[in-house]
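Worksheet for the structure shown next.
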Amino acid sequence: MTVFRDQQFSSDMQNPIEKRIKDVLFLRDFQFAEDQGPNRHSIRPDQYLEINNFYTATVYEKGAEFIRMLSNYIGEKKFKKSTNFFLKNMMVKQ
């Protein structure tokens with residue numbers, strides 16, 4: 121969510137199309153390489169050896185792409201409503 125929010129904010133600060141192209145090029149150059157290597161894993165792995173091994177480009181960059189796709193798929197209004205609902209429920213649990 122952090123990278124997604126940063127990407128959304130950054131696209132307002134510059135040309136959004138140019139920013140999106142830069143984001144996709146970053147994914148192609150770094151994330152795709154990680155996905156093809158021995159350290160590949162899902163954005164939410166079932167297990168990991170050490171928590172420091174968990175926070176990779178997959179979690180941040182690919183996670184941001186997943187959130188972007190979800191937002192585009194369900195629409196901005198439903199995405200905001202769902203995100204607010206999720207965050208409110210998570211705050212109660214903590």
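With the working numbering as the guide, the letters of the sequence shown map in order to residues 121 to 214. Here a beta-carbon is modelled for each residue, glycine too, at the ideal position from N, C-alpha and C.
Enclosing alpha helix (DSSP H) for residue i [first to last residue]
| i | result |
| --- | --- |
| Y193 | G183 to I194 |
Contact under 8 Å by Cβ, residue i with residue j
| i | j | result |
| --- | --- | --- |
| E185 | L147 | yes |
| F174 | P165 | yes |
| I187 | F124 | yes |
Other residues of its chain near residue i: CB distance less than 6 Å, five sequence neighbours each side excluded
| i | result |
| --- | --- |
| F206 | none |
| G183 | I163 |
Residues of its chain near residue i, where Cβ-Cβ distance is below 7 Å and the 5 sequence neighbours each way are ignored
| i | result |
| --- | --- |
| D143 | Q127 |
Residues of its chain near residue i, where Cβ-Cβ distance is below 8 Å and the 5 sequence neighbours each way are ignored
| i | result |
| --- | --- |
| Y168 | H161 and F174 |
On the three-pair Cβ rule with 8 Å, is the stretch 178-194 touching the stretch 145-165? Short answer: they touch.
inquiry  = With three or more beta-carbon pairs closer than 8 Å as the criterion, would you say the stretch 195-210 touches the stretch 141-158?
reply    = In the pairwise beta carbon analysis, the stretch 195-210 is classified as not touching the stretch 141-158: fewer than three pairs are separated by under 8 Å.
Q. Which full runs of the alpha helix (DSSP H) of 4+ residues lie inside the stretch 132-169, going along the chain?
A. Listed in chain order, the alpha helix (DSSP H) runs fully inside the stretch 132-169 are 136-146 and 152-156, counting runs of at least 4 residues.
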